[in-house]
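In what follows, a single structure is set out as C-alpha cells and then discussed.
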Amino acid sequence: MRNITKNQTMLLLVVALLMVIAYHEGEAIPCSQITMYLAPCLSYVKGGGNPPPPCCAGLNNLKASAPGKPDKQAACQCLKNVANAISGFNDDNAKQLPGKCGVSVGVPFSKSVDCNRYIIDCNSIHISH
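Numbered by mature numbering (1 follows the signal peptide of the UniProt record, and there is no 0), the letters in the sequence shown go through residues -28 to -1, 1 to 101 in order.
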C-alpha cells in the first residue's frame, strides 16, 4: 500500500469539509452523496441477480440520510436522472432493489417516476393530488 502524501491528505480534508458545508440540516441531500451510496448497485441494476452487500449498505445509508420529504424528493429526482444516464439500466431490477436488500427507503428508483407527485415516507408512497 502506498503512502498518502501531505497534499493528498489535505485534499481529502478539503473535500470532506466541503461535503459537510454543502449539506445543511433542512436541505435536500446532495445527488453526489446519493450516487456515492448507490454506486455499488450498478452491476445489479444492469445485470440482475443478487445485489452485493455494499449496495444494500448504501441503501441503508440513503435511508438514514434522507429522512424528510425534501430529501426523499431530491433523492428521487437524482436517482431518476442517474437511471436515464446509465446505458443498460434495467428499470425492473431497480424497482426490486429495496425488496432484495430488505430496506424500505421510501424513494422510488425508476426512469419514469414523477418525483414531484410523491409525498414519500418509509412505510408507503402516497400520490399527492
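Cβ coordinates follow ideal geometry from the N, Cα and C atoms, glycine included.
query: According to the Cβ coordinates, are residue 27 and residue 16 closer than 7 Å?
result: Position 55 of the sequence shown, counting from 1, holds the residue named residue 27. Position 44 of the sequence shown, counting from 1, holds the residue named residue 16. The answer is yes: Cβ separation under 7 Å.
- prompt: By Cβ distance below 6 Å, which residues in the same chain neighbour residue 50 in space, the five residues on each side in sequence not counted?
  reply: Translated into positions along the sequence shown, residue 50 becomes position 78. For residue 50, the CB contacts under 6 Å within the same chain, skipping 5 residues up- and downstream, are 3, 6 in chain order.
message: Given this structure, state the Cα-to-Cα distance separating residue 67 from residue 81, to the nearest angstrom.
response: By one-based count along the sequence shown, residue 67 stands at place 95. By one-based count along the sequence shown, residue 81 stands at place 109. So the alpha carbons of these two residues sit roughly 6 Å apart.
- prompt: How about the region 51 to 61 and the region 35 to 43: do they share at least three Cβ pairs that are nearer than 8 Å?
  reply: With a cut-off of 8 Å, the region 35 to 43 and the region 51 to 61 do not count as touching, because too few Cβ pairs lie within range.
Beta-carbon gap between residue 47 and residue 79 smaller than 7 Å: Here residue 47 corresponds to residue number 75 of the sequence shown, with the count starting at 1. Here residue 79 corresponds to residue number 107 of the sequence shown, with the count starting at 1. Contact flag set, yes.
query: Given residue 39, which residues of its chain have a CB within under 8 Å of its CB, disregarding the five upstream and five downstream residues?
result: Along the sequence shown, read from residue 1 onward, the residue named residue 39 stands at position 67. There are no such residues.
- prompt: When the distance is taken between beta carbons, is residue 77 closer than 7 Å to residue 31?
  reply: The residue labelled residue 31 in the question sits at position 59 within the sequence shown. The residue labelled residue 77 in the question sits at position 105 within the sequence shown. Yes, Cβ-Cβ distance for residue 31 and residue 77 is below 7 Å.
field: Buried or exposed by the 16-neighbour rule on C-beta atoms within 10 Å, applied to residue 64
entry: Counting from one through the sequence shown, the residue named residue 64 turns up at place 92. Exposed, because fewer than 16 other Cβ atoms sit within 10 Å of the Cβ of residue 64.
- request: Measure the beta-carbon distance from residue 52 to residue 87 and round it to whole angstroms, keeping in mind my assumption that it falls under 8 Å.
  value: Numbered from its first residue, the sequence shown carries residue 52 at position 80. Numbered from its first residue, the sequence shown carries residue 87 at position 115. Yes, they are in contact, since the Cβ atoms of residue 52 and residue 87 sit about 6 Å apart, within 8 Å.
field: Anticipated Cβ contact below 8 Å, residue 44 with residue 61, distance rounded
entry: One-based indexing of the sequence shown puts residue 44 at position 72. One-based indexing of the sequence shown puts residue 61 at position 89. In this structure residue 44 does not touch residue 61 by the C-beta definition: roughly 21 Å separates them, more than the 8 Å allowed.
field: Min CB distance residue 51 to chain E below 7 Å
entry: Protein chains in the displayed structure number just one, and chain E is not present.
field: Delimiting residues of the alpha helix (DSSP H) encompassing residue 109
entry: This structure does not reach residue 109, given that the chain is present from -28 up to 101, and the question cannot be answered.
task: Measure the Cβ-Cβ separation of residue 24 and residue 72 and say whether it is below 7 Å.
output: The count along the sequence shown starts at 1 and reaches residue 24 at position 52. The count along the sequence shown starts at 1 and reaches residue 72 at position 100. No, the pair does not count as a contact, with Cβ atoms beyond the cut-off.
message: Judging by CA-CA distance, which residue of 69, 70, 41 is the nearest neighbour of residue -1?
response: Translated into the one-based positions of the sequence shown, residue -1 becomes position 28. For residue -1, the closest alpha carbon among the candidates 69, 70, 41 is that of 41.
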